[in-house]
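Q: Please find one structure pasted underneath; my questions will follow.
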Amino acid sequence: MSTLTSGLSGSIEDLVGRDEWAAVNALGRPFVVYKFAATLDGRIAAADGTSQWITSPTSRAEVHLLRAGCDATVVGSGTQQADDPNLAVRGNDDPRLDLSAVVTKGQPYRVVVDTNARTPSTARVLEGTAPTIIAVAPDAGADHLIGSPAEVIRVPRSQQGLSVPDLLQALYRRGVRAVFLEGGPTLAGSFIAERLVDRMITYVAPALLGSGKSGLLDAGIGTMADIMRLELLDIARSGPDLRLVARPT
Ligand SMILES: NC(=O)c1ccc[n+]([C@@H]2O[C@H](COP(=O)([O-])OP(=O)(O)OC[C@H]3O[C@@H](n4cnc5c(N)ncnc54)[C@H](OP(=O)(O)O)[C@@H]3O)[C@@H](O)[C@H]2O)c1
């Protein structure tokens with residue numbers, strides 16, 4: 000496995016640390032890495048909802064490498080609706096990106112957390128380049144997804160959308176040990192509120208938006224007394240951007 004110039008490999012063991020990774024199976028759920036890209040003023044999308052591309056091609060190539068190191072890339076239905084992402088691991092034309100992990104392991108699952116099955120049958124995530132799971136509520140009408148390459152799984156509802164612990168259990172039963180959560184901020188807020196994020200990877204671009212969503216919405220933190228502190232594990236340049244790796248303490 001090659002390493003990008005900024006020192007990141009596409010191995011989840013390298014990212015997590017071998018000792019901590021060895022303990023992952025004892026978790027009984029997948030290890031969760033939450034990645035997002037933000038401007039210097041903390042915005043992950045413009046006021047009109049557009050978010051492509053905040054960071055540089057170098058950072059985006061790194062993201063493909065990180066995806067390849069995990070077993071599932073997870074997004075919320077808001078991101079599916081706003082960006083219609085493909086979510087497969089692609090080379091991004093960066094010669095430094097070594098996709099050998101994907102070749103040997105196969106593409107990670109692409110997962111949309113989509114309570115009411117709003118993902119249209121034309122969604123790019125349904126293009127047959129990688130296995131896809133659409134997680135929907137037990138009572139959601141998902142007939143339009145029958146015959147698509149996606150597996151539709153039923154996950155119990157929670158107060159806000161689907162139950163995140165149940166979603167993780169369903170993925171764990173399918174062999175998923177590392178989840179790469181790519182947002183958006185509403186879904187990530189639920190993961191944080193449930194204390195189900197093990198690593199945060201934030202790409203910060205030297206750019207400003209001035210308005211728009213930030214990396215987390217409603218993470219169940221309403222007052223300074225409840226602030227969630229993180230331990231900063233790594234800081235590196237990624238082309239013109241900054242990459243921060245942190246874990247909740
Ligand atoms: N810069 C970045 O790194 C980045 C990354 C991703 C997204 N984005 C941007 O973020 C924006 C979308 O973010 P978003 O916050 O609106 O959407 P989101 O977090 O992608 O999806 C939120 C939706 O997921 C569904 N959901 C299902 N279970 C949930 C649960 N337990 N908790 C929370 N939500 C759950 C809900 O819709 P249903 O009930 O209808 O299913 C909810 O409204 C877009 O502008 C996108 O471009 C930026």
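Quick note on numbering: numbering that gives the first Met the number 0 labels position 185 of the sequence shown as 184, and the sequence is numbered without any gaps.
Ideal Cβ positions, reconstructed from N, Cα and C, are used throughout, including at glycine.
(1) Since ARG198 is in the beta strand (DSSP E), which residue starts that stretch and which ends it?
(2) Here's the rule I'm using: 16 or more other beta-carbon atoms within 10 Å means buried, otherwise exposed. How should MET223 be labelled?
(3) Work out the CA separation of TRP20 and SER10 for me, nearest whole Å.
(4) May I have the straight-line CA-CA distance separating ALA187 from SER76, to the nearest angstrom?
(5) Quick test of the definition: if touching needs 3 or more C-beta pairs under 8 Å, does the segment 133-141 touch the segment 149-164?
(6) Nearest to ARG28 by alpha carbon, out of VAL135, GLY174, ARG89, GLN80?
(7) Between the C-alpha atoms of THR2 and GLN159, what's the straight-line distance to the nearest angstrom?
(8) Rounded to a whole number of angstroms, what is the C-alpha to C-alpha distance between SER99 and LEU231?
(9) Quick one: is the Cβ of ILE53 within less than 8 Å of any heavy atom of ligand 1?
(10) Please specify which runs of the beta strand (DSSP E), each continuous and at least 3 residues long, are wholly inside the segment 68-153, giving them in chain order.
(11) Take PRO164 as the anchor and find which of ALA245, PHE190, THR54 has the nearest alpha-carbon.
(12) If you count every other CB in all the chains shown that lies within 10 Å of the CB of ASP225, and 16 or more means buried, which is it?
(13) Touching or not, the segment 34-41 and the segment 189-209, by the rule of three or more beta carbon pairs under 8 Å?
(14) DSSP three-state label for ALA192, please.
(15) Going by alpha carbons, who is nearest to ASP47 out of THR72, ARG59, ALA87, ASP82?
(16) Quick one: what does DSSP say ARG246 is sitting in, helix, strand or coil?
(17) Check ILE11 in the structure and name its three-state DSSP category.
(18) If you count every other CB in all the chains shown that lies within 10 Å of the CB of ILE53, and 16 or more means buried, which is it?
(19) Consult DSSP for GLU19 and reduce its assignment to one of helix, strand or coil.
(20) Ends of the alpha helix (DSSP H) at ARG252?
(21) Take LEU241 as the anchor and find which of PHE30, VAL15, ASP13, THR57 has the nearest alpha-carbon.
(22) Is LEU275 close to ligand 1? I mean its beta-carbon at under 8 Å from any heavy atom of the ligand.
A: Looking at the atomic coordinates:
(1) 198-204
(2) exposed
(3) If I take the Cα positions, the gap works out to 11 Å.
(4) 12 Å
(5) yes
(6) GLY174
(7) With a pLDDT of only 43 at THR2, under 50, the local geometry of the prediction cannot be trusted, and the value read off the model is given with reservation. Roughly 39 Å between the two C-alpha positions.
(8) For SER99 and LEU231, the distance between alpha carbons rounds to 29 Å.
(9) Yes, the beta carbon of ILE53 sits closer than 8 Å to at least one heavy atom of ligand 1.
(10) Runs of the beta strand (DSSP E) inside the segment 68-153: 71-75, 108-112, 131-135, 150-153.
(11) PHE190
(12) exposed
(13) yes
(14) helix
(15) ASP82
(16) strand
(17) If DSSP states are grouped into helix, strand and coil, ILE11 belongs with the helices.
(18) ILE53 is classed as buried because its beta carbon has at least 16 other beta carbons within 10 Å across all chains shown.
(19) helix
(20) The question about residue 252 has no answer here: the residues shown for the chain are numbered 0 through 248.
(21) THR57
(22) A question about residue 275 goes unanswered here, because the residues of the chain that appear run from 0 up to 248.
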